[in-house]
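Accompanying notes for the structure given below.
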Amino acid sequence: MNEAIARLRQFRDDRDWKQFHNPKDLSLALSIEASELLELFLWKSPDQADVSKVKEELADVIAYALLLADSYELDVEQIVLDKIALNEKKYPVSKARGTTKKYTEL
């Protein structure tokens with residue numbers, strides 16, 4: 366991840382785009398790119414989506430998420446591991462296995 370983040374920073378900085386990459390705008394861009402990813406599945410079964418386009422849009426989503434984390438100096442691996450640990454408590458296997466219920470309904 367460190368190499369990817371460094372490359373994203375370099376790409377951004379070479380174009381003088383840091384001025385546009387504040388947390389609010391990165392969050393908006395992330396949401397927009399996630400919507401573009403969703404659009405690839407609209408009115409289709411999952412296997413009908415163009416995988417090459419999915420890769421492109423998913424890369425955009427991940428890139429903006431990484432830049433947002435970087436803007437707050439967050440350790441991406443650590444925040445994901447922390448969230449998994451939290452979800453393990455909220456969704457114990459004994460109650461959550463095989464169900465889509467929210468943790469408040471288990």
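Once you know that position 75 of the sequence shown is 440 in this note's numbering, the rest is easy, because the numbers rise by one and skip nothing.
Glycine included, every Cβ here is placed at the ideal spot set by N, Cα and C.
Predicted model, so just to flag it, every value in this text is computed and none were measured.
- Could you tell me which of A428, M366 and Q443 sits nearest to F376, measuring between CA atoms? Position 11 of the sequence shown, counted from the first residue, corresponds to residue 376. The shortest C-alpha separation from F376 is found at A428.
- Supposed close pair E398, V426 - CB separation, criterion 8 Å: On the sequence shown, residue 398 is found 33 positions in, with the first residue counted as 1. On the sequence shown, residue 426 is found 61 positions in, with the first residue counted as 1. At roughly 5 Å, the Cβ-Cβ gap stays under 8 Å, so E398 and V426 are in contact.
- Query: Taking just the CA atoms, how far does R380 sit from I449?
  - Reply: As a position in the sequence shown, residue 449 is number 84, starting the count at 1. As a position in the sequence shown, residue 380 is number 15, starting the count at 1. Those two C-alpha atoms are separated by around 36 Å.
- Message: Among the candidates L446, L432, E438 and G463, whose CA atom is the shortest distance from the CA of R374?
- Response: Mapped onto the sequence shown, residue 374 falls at position 9. Looking at L446, L432, E438 and G463, the one whose alpha-carbon comes closest to that of R374 is L432.
- Grab me the residues of P388's own chain with a C-beta within less than 8 Å of its C-beta, minus the 5 sequence neighbours each way, in chain order. Mapped onto the sequence shown, residue 388 falls at position 23. L433, S436 and Y437.
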